Each structure stands twice: as structure tokens, then as C-alpha cells.
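Line by line, the protein sequences give chains X and Y. Under my numbering, think of the first position of the first sequence as 131, with each following residue one higher. Under my numbering, think of the first position of the second sequence as 15, with each following residue one higher. Structure first, then comments.
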Amino acid sequence: MGPVTGPEVSDPPAGHGAGRAPAGARGAVVADPALLALEGVPYDQRPVKLEIRGLVKVYGDGRDEVVALDGIDLDLPTGGFVSLVGTSGCGKSTLLNIVAGLDRPTSGEVLVDGDLVVGPGPDRGVVFQAYSLFPWRTVAENVAFGLECTGVRKAARRARVAEMLGVVGLSDFADRLPRDLSGGMRQRVAIARALVTEPDVLLLDEPFGALDLQTRRSLHEFLAQVWQRTGATVLMVTHDVGEAVYLSERVVVMSSRPGRVAEVVDVPFGRSRGPELRRDERFMALEDEVDDLLHQPR
Amino acid sequence: MTPTGSAVVIGAHRTAAPAPAGAGETGAPADDGRPGRGRRGRPLGTLTRIRGTLSLRWRVGLGVSGLVALVGLWLVAAARTTGADSGVRVPSPAATWSAFTDLWSSGTLQADLAASGERMLYGYGISIVVGVVLGIAIGAFPGVEGGLEAPIGFLRYIPASALTPLLLLWLGVDEAPKITLIVIGTVFFNILMVADVARAVPRELINAAATLGASRRRIILRVVLPNSWPGIIDVARINLAAGWLMLVVAELLASDEGLAVRIVRSTRFLNFDVMFAVLIVFGIIGVASDLLLRGLRWKAAPWDR
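Right, here's the structure in full:
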């Protein structure tokens, strides 16, 4: 375990009211009252949602053998937000794919609420980097896909989709095809599609990597709102240190070849955050610290 | 990071190689030191730009001139061979047209079209259905791919036309051997090409569907198939030409009616004008079916235009 930065108990910086909600994210995704109680509960004392135990992933064999992941252990508490940062090729996306059930580990296991993950399922929603929307389906039909899979009836489906499109602010684009949308709008659709089935765990694989800075920042606010209101347990892979520190409660720095957990940094800014945090000195200092850890030779 | 000693010189294009006298297009500065109005870069050609696009006017113009050139060649060939004693004779467009009107007014052409069209409809229809089902299965499931790809790859290289005598022997002289020949001659191409189309479905889409709770069956029907439709229509369009080829082979052996039958009969009596009329009908059918399938793709996949 690496150095733990800052106080254990969260202490939101001044000027952070819980009442500040960006337009469009108003109460449609219902907050679980039990989750509001999480505010102030130390990270390590919350019930565990996602357990990653001794995960090893080896590609190829013999001389071509590449150890992508070498014994990863990680716990996520219920309602926690953890980011994985690392240089490209450190196996962070492989780790996320194994948690999603899209890839098999060579050894080790992933547990959600104590159940062994053996394949993909709607309990773990995934938002991919880009190009994951079905191009022949309209925005509304894309969001409805997960509900079709779980057998939700048409009327209920339509209501849930309309609600979800309201949350992501895309009600006016319900009948458009993905190709008519900007990159930021497409990612909002992808997030809506992943959230509509109310997954326990939300997995984000560099979800904003292909977007410009302005769009990325507005989606950070959006994602922070979604997280605070739904209480989803979030595991995000990113190479953007600022994004990781701004959004998560804990940042896991990975080293590459073989992929290992190099450092774990706790982020002490609580669950309610707003754009003011970006100019907070403590935020900037922590961002620099994680950045240094990331580029430290190992 | 100091420029001294570096082999890279920024601004080399400006100062290198003084312009030869009289050539005012190298962009070398004029005597007064101000930049000259030279020309830089390789000009982009309208017709010669690699992967360039043409305006509609250019495309129609070039297409029409290509067809005119073809007709011109035909006219020249016809004019130079009229009255020749040798066997080389090209019927004139006028003679071909009158042969066509004769065929049409006697009803022969309609009967031939109906007979050939029906064979193609059944034969190529079966080939497409089998091609889509097996192709998608091969493209989607590694197990099916492993078992079927090698035998189909082998069967594909057996010349289908060589099987005609066998098919006649086994299936009689009716429609069955002709339809079978069209199927055998095209189905392996259709299977393998549809498999390639199915393999090209982006993994992100399959992964997204799986994480949303889709079953294997749903992924095939709701992701692989819709994503593959435009490609499947393209495959059908490309292999249709092979289908017509197999139809001709099938009809050459034993038939009373059909476009290829008409060609064989006309050549036997040296009626080259009739033969040319039927050949042109073939060409028109080909172009028409091609346009039809392009239109279908345009209508069926508005997301992939």
C-alpha cells in the first residue's frame, strides 16, 4: 500500500452546497436515502460491493508470454468511486474488462456482493470509450436496449427511456441516429444506456478520452451528479489524472509490465463536489502528487 | 534542443536551391526580400486525386462518354466487317435492334426472360438464404468457424460448371439441376463473404450488448444481423454476376426456353444479330439488378449511407 494522503474522514471544502445541481440532472434518478448516510462514513468502513482477488492475466505463451496483470487485489465499498490510472499498456483496461466479464482472468476472481463474476451482465453497466452506440438505432432505441434484454414491457420501457433522456438532457434528440450527435452527446447516451437498467456497479473505460476539454468538464459534472444521486459503485479507468482526482474517492496508480497496483491515494474531498474544487489548492496539490507517482520510474 | 549541429533545418524550403532563371514558381524570395507569388505543393487534380470524389456532373458526364465510346467501338467494328467473307462478322446496331423487336413481338423474349428469371430467383434466392445463415454462424461462433471454414474453402475451388453432367444424371433434365447448379456455383462465395461481413461487426457493439444483458441469440439477431445487412446486400450484388454465369452454363446443356438457350440457337444458325440482342438484354438485366440492390441498401440502412 502506498502513502495515504489527507485525512481519512471526508471534509468537503467550503462553498459546497448539496443543492447545486446542473440542469437536467434533477431528481429523475432517485437517490437511495440509505446512500445519503454514506456521507461522512469512512471509506474503509462501508460494506464491500466489489472484490478483486489476486487477479492475474497472462497473454500468449512460451516466449511470447506477456503478463498484463500480476496479482491485483482491490476492494470497492458500496457507493464508492475508484479510478485506475496508469500509462498506456499497464493493463487497466484489461482489469476493467475482466470485472465486466468480457475477458477471463488467468487466475484470481472478481466478486460482486459475494457472487463470482463469470460473464457480462446488466448488474455491471459499462461505458466504453467511444463507438459503442448501435448506429442503426435511434437515441431512444439505444437507451432502451438493456430494458428489452431484461423483458421490460413496452410502455414501461418508453417511460424509463424518456425519464433517462431527461436526466442526460437529450429529450429533444430521442429520435435521432447516433451519427447526428456530437461526441459528448453520444457519451451521454452511452451513460444513459448503461444506467437505465440500474446496475449495482458502473464501469467506465476512459469514457471521456475522445472528447474535447470543454465537453469533458461538463460531463465530469454530470457524472458526479449521477454518482451522488444514484449511489452507484463506480470503477473508472482513465489516463487523465485531473479527472481521476476530481471525481473519485480513491485513485489507484498502476505500474506497467507487469500491471500491478503501485500506489493507492485517497481523495479527501467528500461526495459532494463542484467546479470550485478545480481551483482549490488542495485539489491541485493532490493532482500534482498523483501525476508524480504516475511518472515515477519503477 | 539547441539547433546548432542539428541536421534538421527549419525553413529549408525557403532558402534551399535558388530558382533557375525564368522559373518563377519555386517560391524563392525576390531580390527585395519579400516572399514571391510562387506555387507550393503538389497540385490536387480533379480527376487524378487519389480517393477523391467527383461532382455529380463529372460522374454522369464520364459515365455517358464511356457508354458512347462503347457504342462507337461497336459501330466501327460493324462497319468494318459488313460484307466480309470471313467468319468474323459483327451485326450493326440497327440489325440488332430489329432482331430485338422481332424477339419481343413474337413473345419469345418474354418467355425466355420468365424462364431464366424463375431459375435465378430460386437458385440465387436459396444461395443467399444459405449464405446468410451459415455465413453469420461462421462469422459469429468460433466453433462453427473452426469446423466449416476449411471444407467450404475447399468446395469453393471445385469448378461448379464441371458438375453439370453429374447433376443432369442425378437430377434429370428438369429445373432441379439448373437451380442446383446456380446454388453450387454461388453459395460458397456467399457463405465466406457473409462470414467476413459478420466478422467485421465491431467488438465494442457486441461487448456493449453483452454488458446490457443480451443473450447470445439476441446479440446475433439484434446486433450482428442489423450491423451486417448493408454488407450482406453488397455481397449479394457482387456474386449476382456469378449467378448469371452459372445460369448460362445450366441452360446451355438442356433447355427449351431461356436467354442462354436463345444465344446458343441463334449462333447455330449464324443469327448474330439475335445473339447480340440477347447479350444486350443480359447486360441491361445486370445493370438493373445492380441498381436495384444498391437502392435496397440505401433504403434498408439509412445509418450507413
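A virtual CB, placed ideally from N, CA and C, is assigned to each residue, including glycine. In this text the structure is predicted, and so the values were computed from the model without any measurement.
Asked	Found
Neighbourhood of Ala151 of chain X by C-beta, 7 Å cutoff - its chain only, sequence neighbours within 5 removed	Residue placement at Ala151 of chain X is flagged as unreliable, the pLDDT there being 36, under the threshold of 50; a coordinate-derived value is accordingly withheld.
6 Å Cβ shell around Arg380 of chain X - same chain, five flanking residues per side excluded	Val212, Asp396
Neighbourhood of Leu185 of chain Y by C-beta, 8 Å cutoff - its chain only, sequence neighbours within 5 removed	Pro191, Thr194
Exposure of Val385 of chain X, with buried meaning 16 or more beta-carbon neighbours within 10 Å	The identity of residue 385 of chain X in the sequence shown is Ser, whereas the question assumes Val. Result: buried.
Cβ neighbours of Ala260 of chain X in the same chain (closer than 6 Å, five flanking residues each side left out)	Ala340
Per-residue contacts from Asn285 of chain Y into chain X (C-beta, under 7 Å)	Near Asn285 of chain Y there are no residues of chain X at all, since even the closest Cβ is about 51 Å away, more than 7 Å.
Cβ-Cβ distance between Val144 of chain Y and Val201 of chain Y below 8 Å	yes
Listed by chain order, chain Y residues near Pro250 of chain X by CB distance under 7 Å	Ala224, Thr225
Residue nearest to Glu271 of chain X in terms of C-alpha spacing, selected from X:Arg290, X:Val257, X:Asp203, X:Leu416	X:Arg290
Meets three-Cβ-pair contact criterion under 8 Å: the stretch 195 to 205 of chain X and the stretch 222 to 230 of chain X	yes
Span separating the alpha-carbon of Val288 of chain Y from that of Pro105 of chain Y	9 Å
Under the three-state DSSP convention, the category Ser175 of chain Y falls into	helix
Cross-chain neighbours of Asn221 of chain Y in chain X, by beta carbon under 9 Å	Asn227, Ala230, Leu232, Pro250, Val256, Phe258, Ser262
Any chain X beta carbon closer than 8 Å to Trp312 of chain Y	no
Selection of the stretch 285 to 307 of chain X by Cβ proximity to chain Y, strictly under 9 Å	Leu307
Three-way DSSP call (helix, strand, coil) for Arg308 of chain Y in this model	helix
Exposure of Thr281 of chain Y, with buried meaning 16 or more beta-carbon neighbours within 10 Å	exposed
Sufficient close CB pairs (3 or more, under 8 Å) joining the stretch 298 to 315 of chain X to the stretch 171 to 191 of chain X	no
Beta-ladder partner(s) of Arg183 of chain X, from DSSP	X:Glu239
Short CB-CB distance (under 8 Å) between Trp72 of chain Y and chain X	no
Beta-carbon neighbours of Ala228 of chain Y, restricted to chain X and to distances below 7 Å	Cys279
Beta strand (DSSP E) runs wholly inside the stretch 218 to 303 of chain X, at least 3 long, in chain order	237 to 242, 254 to 257
First and last residue of the uninterrupted alpha helix (DSSP H) at Ser242 of chain Y	239 to 267
Any beta strand (DSSP E) of 3 or more consecutive residues that is wholly inside the stretch 325 to 403 of chain X	331 to 335, 363 to 368, 380 to 385, 390 to 396
Sufficient close CB pairs (3 or more, under 8 Å) joining the stretch 303 to 312 of chain X to the stretch 325 to 339 of chain X	no
Burial state of Gln317 of chain X (16 or more Cβ within 10 Å)	buried
Chain-ordered neighbours of Pro179 of chain Y on chain X, where CB pairs are closer than 7 Å	Correct list: empty, because the minimum Cβ distance to chain X is about 46 Å.
For Glu39 of chain Y, the three-state DSSP class (helix, strand or coil)	Unreliable positioning characterises Glu39 of chain Y in this predicted model, as indicated by a pLDDT of 48, which lies under 50. A coordinate reading is not provided.
Chain-ordered neighbours of Val237 of chain Y on chain X, where CB pairs are closer than 8 Å	Phe264
Residue burial classification, Asp126 of chain Y (beta-carbon count within 10 angstroms, cutoff 16)	buried
Where Gly244 of chain X falls, given that 16 or more other Cβ within 10 Å makes a residue buried	exposed
Contacts that Arg323 of chain X makes with chain Y (C-beta to C-beta distance below 9 Å)	Ala222, Leu226
Within-8 Å CB hit, Pro49 of chain Y to chain A	Protein chains X and Y are contained in the structure displayed, whereas chain A is not.
8 Å Cβ cutoff met for Phe413 of chain X and Leu226 of chain Y	no
Pick from Y:Leu70, Y:Met260, Y:Ala222 that is closest to Met134 of chain Y, judged by C-alpha positions	Y:Met260
Amino acids of chain X, ordered along the chain, whose beta-carbon sits closer than 7 Å to that of Trp317 of chain Y	Pro265, Trp266, Leu307, Arg309
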